[in-house]
Amino acid sequence: MIRVEVGDITTLKVGAIVNAANSSLLGGGGVDGAIHRAAGPELLAECRSIEGCPTGEARITQGYDLPARFIIHTVGPIWQGGGRDEARLLKSCYLASLKLCLDRGIKGVAFPAISCGIYGYPKQEAVGIAVKTISELYISYSLNEVVFCCFDEPMAELYRDRIEKQGLG
Ligand code: AR6
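Numbering (the numbering used here), first residue to last: 41 to 209.
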């Protein structure tokens, strides 16, 4: 099942929440900052041991003080006009996250709108990539539940529209 929720992703009790991180994996603003604050300092210690993550890839840590068991940290592309492979890299974030779910037996995952904040990806295009990639693949990656967690209602509306157009609503 795919659902859209409005709220703070750090409060969700799912197998894993996905973090829209930067390649240092050492924290930042936006959803990344919120996740580090809510998970506590042990998260930063584990992230330091990973030594970064390239754009389009993902790494997994424990969830520490979060209700979620795991955190999947993925690094979305910074929007640079569309000619720098941004679409492929954004899709790759979703694929890499799905793969980690499969490897760890995670059945429920929540995604934020990767790259749609500080990284400036046009929202409609990013939502299109997220919904298409996830809806086509989540069942084959053994997931039962995927949540698109949005911070605000207009963003949630973009997801709902897209899900409806895709015939999943
Ligand atoms: N729960 C759910 N969604 C959230 C939350 C939250 N607590 N907080 C923000 N959002 P962004 P990016 C939404 O900027 O564009 C960091 O500094 C937000 O409204 O967090 O991938 C990293 O360290 C937006 O729709 O991530 C990187 O340097 C979406 O999450 C950089 O930002 C993503 O916004 C990554 O930028």
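We treat Cβ as the ideally placed atom computed from N, Cα and C, and that holds for glycine.
Counting only the same chain and skipping the five closest in sequence on each side, list residues whose C-beta sits under 8 Å from that of residue i.
{"i": "V186", "result": "M41, I42, R43, G148, V149, A150, F151, I174, Y178"}
{"i": "A166", "result": "L130, A153, I154, S155, C156"}
{"i": "S64", "result": "G92"}
{"i": "G168", "result": "R202"}
{"i": "I75", "result": "I49, T50, I57, N59, L83, L106, I111"}
Less than 8 Å between the CB atoms is what I'm expecting for residue i and residue j, so what's the real figure, rounded?
{"i": "A170", "j": "F188", "result": "7 Å"}
{"i": "D72", "j": "A61", "result": "5 Å"}
Taking residue i as the reference, give the member of the options with the closest Cα.
{"i": "I100", "options": "A79, V58, E82", "result": "V58"}
{"i": "G68", "options": "R124, V115, A98", "result": "V115"}
{"i": "A98", "options": "D143, A196, D201", "result": "D143"}
{"i": "Y159", "options": "I49, G70, E45, D48", "result": "G70"}
{"i": "E204", "options": "S182, Y181, K172, S180", "result": "K172"}
{"i": "A78", "options": "W119, L52, S89", "result": "L52"}
{"i": "K139", "options": "Y161, L183, W119", "result": "L183"}
{"i": "P94", "options": "I146, G80, P81, C133", "result": "C133"}
Mind checking who residue i pairs with in its DSSP beta bridge?
{"i": "R43", "result": "V187"}
{"i": "V54", "result": "Bridge partners of V54: none, in fact."}
{"i": "N59", "result": "H113"}
Near residue i, which residues of its chain fall below 6 Å by C-beta distance, leaving aside the five closest residues on each side in sequence?
{"i": "R109", "result": "G55, G103"}
{"i": "S137", "result": "V58, A98, I112, T114"}
Beta strand (DSSP E) segments (min. 3 residues) lying fully within the region 125 to 175:
Counting whole runs of 3 or more residues, the region 125 to 175 contains the beta strand (DSSP E) stretches 148 to 151.
Please specify which runs of the beta strand (DSSP E), each continuous and at least 3 residues long, are wholly inside the region 79 to 133, giving them in chain order.
The region 79 to 133 is shown to contain whole beta strand (DSSP E) runs of 3 or more residues at 98 to 102, 110 to 115, in chain order.
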